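Inspection log for the structure reproduced underneath, given as structure tokens.
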Amino acid sequence: MAERSEILGLILATAGEFNDELEVRIAVEEGEAAHLFGAEGVLDSLALVSFLTALEQNIEDRLDISLTLADEKAMSRHRSPFKTVGSLLSYVLALMEEAGG
Amino acid sequence: MDRLVTLITGSGRGIGRYLAGHYAALGHQVVGLSRSKPDWDISGYVHFVADVTDEDAVKSVMKSIRKDFGGLDHLINNAGIASMNAALLTPMPAVNRLLSVNLAGAFLMCREAAKIMSRKKYGRIVNFTTVAVPLALEGEAVYAASKAGVVALTRVLARELAPYNITVNAVGPAPVDTDLIRSVPREKIEALVARQAIPRMCSFEDVANVVDFFLKKESGFITGETLYLGGVS
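Protein chains in written order, with the working numbering: chain A, 34 to 134; chain B, -16 to 216.
Here it is as structure tokens:
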């Protein structure tokens, strides 16, 4: 099982890659509190899809684990797992546990 | 410009094999995919054994493409199966297999290819449909339905992927002399060809010409279109 800090690092690194393209940047210095998506987020739905795709690829490249982050279950949750870096981190860890990673 | 990376499904034989040679000769890095290892080799070509309906296998191929070639410029979604059967005599396993390979497989390939292409904000996807769709060919209900699904898939993906500068188009060949139609009675093929404005068999070169057009960098304003060959629309 990958360390929590390792996954957090990957999420923040992916956010850092995206900041070059965003008009309003993700506040990566805030760590888990940084907003991603939703009322206070900086990613619109299109950017969210790109971000999750990039994160899937980074996780696969670094940890050799294949995850599908933007699935129907996640999108229909009352509380979006994509709201903040912290909620996304919890979601990724839960998916990895389900996958036996 | 870096060497173009072109992924061709169903590249083991027929149209896919021809296109593999065609694009390798044009200097592309060609990546082929089919369910068995081909008995031929071309410079500039690498092959993966995978089924387009196997999600894990497709993801693994895409991972290798990202690692080995750094990205993907073109997907030529050629893999497909055909089945000639009167609707009343078509067994459900055949229905499920046709829809799985021709439609679900095409979708899976598009989805995974677009994930790689979206990183570089560039891509060209060419799907394969058939003249059996506009001709509403008797005896090909499920095959034609699966390929009509590919036309719809092409149109919707064109809209969803346009923001990533990825175009999605489809080519609909008339009958080509390949293994795909070898089991179809000769008189059926002749009757089909007779319904075309240009009543002859389709050649590999005819197909490559359309694919070339859709893949061109200059074709960036063309998306969601289906181009049928032989004059059937």
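Think of the CB as a built atom: it goes at the ideal place given N, C-alpha and C, for glycine as much as any other residue.
Only a predicted model underlies this, so the values are computations on that prediction, with no experimental measurement involved.
Sub-8 angstroms separation of residue i and residue j beta-carbons
{"i": "Gly106 (chain B)", "j": "Ala97 (chain B)", "result": "yes"}
{"i": "Asn68 (chain B)", "j": "Ile(-9) (chain B)", "result": "no"}
{"i": "Leu58 (chain B)", "j": "Val125 (chain B)", "result": "no"}
{"i": "Pro117 (chain B)", "j": "Ser216 (chain B)", "result": "yes"}
{"i": "Val109 (chain B)", "j": "Phe197 (chain B)", "result": "yes"}
{"i": "Met100 (chain B)", "j": "Val35 (chain B)", "result": "no"}
{"i": "Leu79 (chain A)", "j": "Pro182 (chain B)", "result": "no"}
{"i": "Leu122 (chain A)", "j": "Ile40 (chain A)", "result": "yes"}
{"i": "Val151 (chain B)", "j": "Leu144 (chain B)", "result": "yes"}
{"i": "Phe111 (chain B)", "j": "Ala141 (chain B)", "result": "no"}
{"i": "Gly74 (chain A)", "j": "Lys116 (chain A)", "result": "yes"}
{"i": "Ile44 (chain A)", "j": "Leu88 (chain A)", "result": "yes"}
{"i": "Leu55 (chain B)", "j": "Val(-12) (chain B)", "result": "yes"}
Per-residue contacts from residue i into chain B (C-beta, under 7 angstroms)
{"i": "Glu93 (chain A)", "result": "Lys46"}
{"i": "Ser83 (chain A)", "result": "Ser101"}
Chain D within 8 angstroms of residue i, Cβ atoms only
{"i": "Lys103 (chain B)", "result": "Although the question refers to chain D, the structure presented lacks it and instead comprises the protein chains A and B."}
Sheet register partners of residue i (DSSP bridge)
{"i": "Asn110 (chain B)", "result": "B:Asn60 and B:Ala153"}
{"i": "Val159 (chain B)", "result": "B:Cys185"}
{"i": "Phe70 (chain A)", "result": "A:Leu76"}
{"i": "Ser17 (chain B)", "result": "B:Val32"}
{"i": "Gln90 (chain A)", "result": "For Gln90 (chain A), which the question treats as bridged, DSSP gives no partner whatsoever."}
{"i": "Leu(-10) (chain B)", "result": "B:Val14 and B:Leu58"}
{"i": "Tyr211 (chain B)", "result": "B:Gly155"}
{"i": "Thr117 (chain A)", "result": "A:His68"}
Proximal chain A residues relative to residue i, where beta-carbon distance stays under 9 angstroms
{"i": "Arg49 (chain B)", "result": "Gln90, Glu93 and Asp94"}
Pick from the options that is closest to residue i, judged by C-alpha positions
{"i": "Ile25 (chain B)", "options": "B:Gly155, B:Tyr211, B:Tyr1 and B:Pro156", "result": "B:Tyr1"}
{"i": "Asp160 (chain B)", "options": "B:Val13, B:Val(-12) and B:Ile(-2)", "result": "B:Ile(-2)"}
{"i": "Ala65 (chain B)", "options": "B:Gly4, B:Ala153, B:Ser43 and B:Ala77", "result": "B:Ala77"}
{"i": "Gly214 (chain B)", "options": "B:Asp189, B:Lys20 and B:Val151", "result": "B:Asp189"}
{"i": "Glu173 (chain B)", "options": "B:Pro158, B:Gly27 and B:Asp37", "result": "B:Pro158"}
{"i": "Phe84 (chain A)", "options": "A:Leu55, A:Ala127 and A:Ala35", "result": "A:Leu55"}
{"i": "Lys238 (chain B)", "options": "B:Ser83, B:Tyr28 and B:Val167", "result": "Any question about residue 238 (chain B) goes unanswered here, given that chain B covers just -16 to 216."}
{"i": "Thr47 (chain A)", "options": "A:Gly133, A:Gly71, A:Asp94 and A:Ala35", "result": "A:Asp94"}
{"i": "Gly(-7) (chain B)", "options": "B:Asn79, B:Ser17, B:Leu210 and B:Ala70", "result": "B:Ser17"}
Amino acids of chain B, ordered along the chain, whose beta-carbon sits closer than 9 angstroms to that of residue i
{"i": "Ser120 (chain A)", "result": "Chain B residues near Ser120 (chain A): none, gap ~22 angstroms exceeds 9 angstroms."}
{"i": "Leu100 (chain A)", "result": "Going along chain B, no residue has its Cβ under 9 angstroms from Leu100 (chain A), so there is no contact; the nearest lies around 10 angstroms."}
Under 8 angstroms by beta carbon: chain B residues contacting residue i
{"i": "Thr86 (chain A)", "result": "Lys98, Ser101 and Arg102"}
Where residue i meets chain A, residues with beta-carbon distance less than 7 angstroms
{"i": "Pro146 (chain B)", "result": "Leu79"}
{"i": "Lys42 (chain B)", "result": "Ser99"}
**Asked** Taking only runs of the alpha helix (DSSP H) that begin and end inside the region 27 to 72 of chain B, which ones reach a length of at least 4 residues, in chain order?
**Response** 38 to 52
**Prompt:** Which runs of the beta strand (DSSP E) fall wholly inside the region 89 to 151 of chain B and span at least 3 residues, in chain order?
**Reply:** 106 to 111
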